[in-house]
Amino acid sequence: MVCFVKTANANPVFRALADPTRRAIFEELTRQGEQTVHALTRYAGVSQPAVSKHLTVLKRARLVRHRREGRETHYRARPDALAPVVDWLNLYGAFWRERFDQLEAVLERMD
Amino acid sequence: MSETAEGTRTVVVERTFAHSPQKLWRALTESSLVGQWLMKNDFEPAVGHKFQFRADPVPNWNGVIDCEVLVVDPLKQLSYSWGAFGLGTVVLFTLTPAEGGTHLRMEQSGFGANQDAAFKGATYGWQKFLGNLDAVIAELD
Numbered sequence: 001m002v003c004f005v006k007t008a009n010a011n012p013v014f015r016a017l018a019d020p021t022r023r024a025i026f027e028e029l030t031r032q033g034e035q036t037v038h039a040l041t042r043y044a045g046v047s048q049p050a051v052s053k054h055l056t057v058l059k060r061a062r063l064v065r066h067r068r069e070g071r072e073t074h075y076r077a078r079p080d081a082l083a084p085v086v087d088w089l090n091l092y093g094a095f096w097r098e099r100f101d102q103l104e105a106v107l108e109r110m111d
Numbered sequence: 112m113s114e115t116a117e118g119t120r121t122v123v124v125e126r127t128f129a130h131s132p133q134k135l136w137r138a139l140t141e142s143s144l145v146g147q148w149l150m151k152n153d154f155e156p157a158v159g160h161k162f163q164f165r166a167d168p169v170p171n172w173n174g175v176i177d178c179e180v181l182v183v184d185p186l187k188q189l190s191y192s193w194g195a196f197g198l199g200t201v202v203l204f205t206l207t208p209a210e211g212g213t214h215l216r217m218e219q220s221g222f223g224a225n226q227d228a229a230f231k232g233a234t235y236g237w238q239k240f241l242g243n244l245d246a247v248i249a250e251l252d
């Protein structure tokens with residue numbers, strides 16, 4: 001468990017998506033394609049500075065990219081950055097296999 | 112991407128142990144034995160019992176996994192919910208007598224499924240997010 005938790009926490013993608021609002025924003029971008037900060041603010045129902053802050057975290061995790069057009073900033077999702085999250089789920093399998101090894105040892109010790 | 116995506120992700124680990132179902136059941140249901148192979152816990156084999164697994168805390172995680180016993184069918188099945196990182200899943204152990212021992216199947220599911228009320232705390236849950244993950248990944252191709 002400890003090993004798998006460390007892996008999860010070391011992952012900026014996982015950290016970025018640990019927040020419900022950021023997950024919602026990210027998924028809205030995967031659903032709707034490119035969106036302006038204004039549109040995302042309407043969708044998320046939180047203040048624009050809050051949305052901008054969330055977008056910065058998503059950007060650092062390389063989950064979104066942006067471009068400026070006039071006074072508007074447009075964001076789009078980069079779903080390929082999700083690969084580490086899939087890996088994280090796969091780690092659960094490794095976790096249980098390791099625990100089964102320990103279970104085997106416990107059974108040997110029991111009489 | 113469908114709102115009703117049923118992309119449940121399931122982790123299955125199976126092994127045949129050269130021990131009796133009785134012994135394996137004890138290792139799965141006696142708190143101190145469970146603590147020796149899984150994690151420290153206050154488990155009790157009673158449906159509805161809420162308990163926690165406790166791992167060593169690490170940055171960003173207090174090391175607690177919140178659980179509730181769902182199924183206790185002696186020598187056959189044991190199931191409990193498993194909540195960590197706001198991600199609600201269900202762990203199901205199934206024991207089957209096998210030649211020379213007991214076959215144990217661990218199935219952890221619900222990574223993508225809607226969970227019952229116990230996990231509806233988050234306004235936007237991991238379940239839904241991960242349920243849609245398959246569709247997102249599929250779009251990459």
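As given, the protein sequences belong to chains A and B, one line each in that order.
Per this note's numbering, the very first residue in the first sequence carries number 1; after that it's consecutive.
Per this note's numbering, the very first residue in the second sequence carries number 112; after that it's consecutive.
Glycine is no exception: its CB is placed at the ideal position from the N, C-alpha and C atoms.
Small disclaimer: the values here were computed from a predicted structure and weren't measured.
Burial state of residue i, where buried means 16 or more other Cβ atoms lie within 10 Å
| i | result |
| --- | --- |
| Ser192 (chain B) | buried |
| His130 (chain B) | buried |
| Pro79 (chain A) | buried |
| Gln219 (chain B) | buried |
| Arg22 (chain A) | buried |
| Ala228 (chain B) | Confidence is the limiting factor: at Ala228 (chain B) the pLDDT is only 32, short of 50, which leaves the residue's position unreliable, though a coordinate-based value still follows. Flag for Ala228 (chain B) reads exposed. |
| Thr213 (chain B) | buried |
| Ala50 (chain A) | exposed |
Delimiting residues of the alpha helix (DSSP H) encompassing residue i
| i | result |
| --- | --- |
| Phe54 (chain A) | Residue 54 (chain A) is actually His in this sequence, not Phe. Its alpha helix (DSSP H) spans residues Gln48 to Arg60. |
| Pro145 (chain B) | The sequence shown places Val at residue 145 (chain B), not Pro. Taken as a continuous stretch (DSSP letters only), the alpha helix (DSSP H) holding Val145 (chain B) covers Ser142 to Trp148. |
| Leu17 (chain A) | Pro12 to Leu17 |
Which listed residue (the options) has its alpha carbon closest to that of residue i
| i | options | result |
| --- | --- | --- |
| Val158 (chain B) | B:Gly146, B:Ala166, B:Thr140 and B:Arg165 | B:Thr140 |
| Gly174 (chain B) | B:Met150, B:Lys161 and B:Phe154 | B:Met150 |
| Arg31 (chain A) | A:Trp96, A:Tyr75, A:Arg99 and A:Ala94 | A:Tyr75 |
| Tyr43 (chain A) | A:Ala24, A:Asp80, A:Pro12 and A:Arg65 | A:Ala24 |
| Ala61 (chain A) | A:Asp101, A:Ala16, A:Leu29 and A:Glu72 | A:Ala16 |
| Lys53 (chain A) | A:Asp101, A:Arg99, A:Asp19 and A:Ala94 | A:Asp19 |
| Met110 (chain A) | B:Trp148, B:Arg126 and B:Thr127 | B:Trp148 |
| Ala209 (chain B) | B:Pro168, B:Thr200, B:Met217 and B:Thr127 | B:Thr127 |
| Leu107 (chain A) | B:Gly146, B:Ala166 and B:Val123 | B:Gly146 |
Endpoints, the beta strand (DSSP E) within which residue i is located
| i | result |
| --- | --- |
| Thr127 (chain B) | Val122 to Phe128 |
| Tyr34 (chain A) | With the sequence shown as reference, residue 34 (chain A) is identified as Glu, and Tyr is not the correct amino acid for it. Run containing Glu34 (chain A): none; DSSP gives neither H nor E here. |
| Arg65 (chain A) | Val64 to Glu69 |
| Ala195 (chain B) | Gln188 to Ala195 |
| Ala77 (chain A) | Glu72 to Ala77 |
Residue(s) in a DSSP beta bridge with residue i
| i | result |
| --- | --- |
| Lys161 (chain B) | B:Glu179 |
| Pro208 (chain B) | B:Thr213 |
| Glu27 (chain A) | Partner(s): none; Glu27 (chain A) has no beta bridge. |
| Thr21 (chain A) | Per DSSP, none; premise fails for Thr21 (chain A). |
| Gln219 (chain B) | B:Val122 and B:Val202 |
| Asn152 (chain B) | B:Phe164 |
Same chain only: Cβ atoms within 7 Å of residue i, ignoring 5 sequence neighbours per side
| i | result |
| --- | --- |
| Gly33 (chain A) | Arg76 |
| Leu189 (chain B) | Leu139, Thr140, Val182, Val183 and Phe204 |
Sequence-distant residues of the same chain with beta carbon closer than 8 Å to residue i, five excluded per side
| i | result |
| --- | --- |
| His160 (chain B) | Phe154, Glu179 and Val180 |
| Leu186 (chain B) | Pro132, Gln133, Trp136 and Leu206 |
| Ser142 (chain B) | Asn152, Asp153, Phe154 and Glu155 |
| Leu144 (chain B) | Arg137 and Ala138 |
Cut-off 6 Å between Cβ atoms - residues of its own chain near residue i, not counting five sequence neighbours on either side
| i | result |
| --- | --- |
| Ala73 (chain A) | Residue identity check: residue 73 (chain A) is Thr in the sequence provided, not Ala. Answer for Thr73 (chain A): Val37 and His66, listed in chain order. |
| Pro12 (chain A) | Ala61 |
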